[in-house]
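2 protein chains.
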Amino acid sequence: MLIKWSLKGSKKLFECNIFNVLLKQYEKPENKGDFEANILDLPNWVNVIAFNQNDEILLIRQFRFGVDEIELEIPGGIIEPGEEPKDAGIRELKEETGYEIVSIEQIGKVSSNPSFMNNFCYTYLVKLGEKGSVSFDPGEIIESEFATLSDVKKLLAEGKITNAYCVLAFLWLALYDDGKIWNQS
Amino acid sequence: MLIKWSLKGSKKLFECNIFNVLLKQYEKPENKGDFEANILDLPNWVNVIAFNQNDEILLIRQFRFGVDEIELEIPGGIIEPGEEPKDAGIRELKEETGYEIVSIEQIGKVSSNPSFMNNFCYTYLVKLGEKGSVSFDPGEIIESEFATLSDVKKLLAEGKITNAYCVLAFLWLALYDDGKIWNQS
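Chains A and B, in that order, give the protein sequences. Numbering that gives the first Met the number 0 puts the first residue of the first sequence at 0, with every later residue one more than the last. Numbering that gives the first Met the number 0 puts the first residue of the second sequence at 0, with every later residue one more than the last.
Put into structure tokens, the structure is as follows:
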């Protein structure tokens, strides 16, 4: 039977605008010794699968610094301190695409990489309302487009959508409502 | 039409055993100014959905430092420098569970978080062979178990499998072979 390791100490080694690096000291169970782990301490994320009234899904394109490529994704971003994940999803959708929502429902939550990251990503299913104006962050220039779920499945299979958070959002959609939406297309 | 931003410079701000932190200077297109981005430079990851001869899926449990919890996952880990992703999958499976493979096939690849991380995770579909002995890393104490795909769908829906890489591996399975394996259970 596995038991949790004992945390003996933690100190901050580095900080920047997105994340901190921590060094955590652990004691293994059953006197198996100590272990030090570098941990990335960072905010939670949110993304949304947003359908319009024609059952099309809202996708966005933007340049991404991590991979030096223009990426096709679903709307999303960082949850601000004290902000509810749902409110962050509504805010990011509005800022990045201009759209208001008619309804919103959480369909999934994951740990980014529990081996060394301490944050989570929440996925919401949204029905879109009216479109207003966008409000990009300083590091954002974003274009929006719509695709059918059938098109999205092809984009996933062809490796055209590569952001892990976006890919797994569609796993939550595949599981939602016993697969009714997923298997329609 | 979006175009890529110009990289003007990059320097290393921090390094540890798993990752480096870089500061990259970008110039936005159309003279819209400069932008500095903190980037996490880290190795690629691999994981495997491994079926035994009874069509059961191999799951592992281990304590995870990032979230301070015992996590239920599929086998996987870091791809070593110069190692092929497939070979890393075979190695991690063997080290963590003791199992050899009969066949292996890549079913997906994602970017971890293209907004600030530069690495990818590869997912393989494996048929298991014989079980040998395990060989854990210093930071690993791992237990193995089997579950049917139907059980895994329940575990996913109930939030019992939370590692993003593991969750999205099952999206690749849902898309594989026009959903034949996914829809059987």
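By construction, the Cβ of each residue, glycine as well, lies at the ideal position given by its N, Cα and C atoms. Because the structure is a prediction, the values reported are computed rather than measured.
- Scanning its chain for C-beta atoms nearer than 8 angstroms, with the 5 sequence neighbours on each side dropped, one finds around B/E35 the residues L22, K23, Q24 and Y25, in chain order.
- Taken in chain order, the whole beta strand (DSSP E) runs of length 3 or more contained in the region 64-104 of chain A are 68-72 and 75-77.
- Remark: C-beta atoms of A/A146 and A/I89 do not approach each other more closely than 9 angstroms.
- Neighbours of A/V66 in chain B, taken as residues whose beta carbon is under 7 angstroms from its own, are S110, P113 and N117 in chain order.
- Against B/K179, chain A offers no close residue; the least beta-carbon distance is about 13 angstroms (beta-carbon pairs closer than 7 angstroms).
- The beta carbon of B/G138 sits closer than 8 angstroms to those of F64, all from its chain and outside the five residues before and after it, given in chain order.
- In this chain, the alpha helix (DSSP H) harbouring B/W171 covers A163 to L174.
- If you look at A/W181, you'll find it in the alpha helix (DSSP H) that goes K179 to Q183.
- Within chain A, the C-beta atoms nearer than 8 angstroms to that of B/G138 come from F34 and A36, in chain order.
- For A/K23, the nearest CB of chain B lies under 9 angstroms from its own CB, placing it at the interface with that chain.
- A straight-line Cα-Cα distance of about 21 angstroms links A/V166 and A/K93.
- In the three-state scheme derived from DSSP, where H, G and I count as helix and E and B as strand, A/V133 is classed as coil.
- With respect to B/V101, B/L127 sits close: the two C-beta atoms are nearer than 9 angstroms.
- B/L39 places its beta carbon 9 angstroms or farther from that of A/F62.
- At a cut-off of 9 angstroms between beta carbons, B/V20 contacts chain A.
- If you check the CB distance, B/I106 and B/W171 come in under 9 angstroms.
- Using beta-carbon distances, A/Y121 does not count as an interface residue toward chain B, since no partner is under 9 angstroms.
- The beta carbon of B/N19 sits closer than 6 angstroms to those of K11 and D40, all from its chain and outside the five residues before and after it, given in chain order.
- For B/Y98, no chain A residue has a Cβ inside 8 angstroms of its Cβ, as the nearest lies near 19 angstroms away.
- The beta-carbon of B/N30 is placed no less than 9 angstroms from the nearest beta-carbon of chain A.
- Of B/D136, B/A173 and B/N43, the smallest CA-CA separation from B/L148 is found for B/A173.
- Assignment of A/E142 by DSSP, reduced to helix, strand and coil, places it in the strand class.
- Interface annotation, A/F145: not in contact with chain B, CB-CB separation never under 9 angstroms.
- Using a Cβ-Cβ cut-off of 7 angstroms, B/A173 is close to L170 and A173 of chain A, given in chain order.
- Proximity of B/I2 to chain A, defined by a Cβ-Cβ separation below 9 angstroms, is satisfied.
- At least one CB atom of chain B sits nearer than 9 angstroms to the CB of A/N162.
- If one requires a minimum length of 3 residues, the beta strand (DSSP E) runs lying completely within the region 8-44 of chain B are 19-26 and 33-40, in chain order.
- A/F135 counts as exposed, since fewer than 16 other C-beta atoms from the protein chains shown sit within 10 angstroms of its C-beta.
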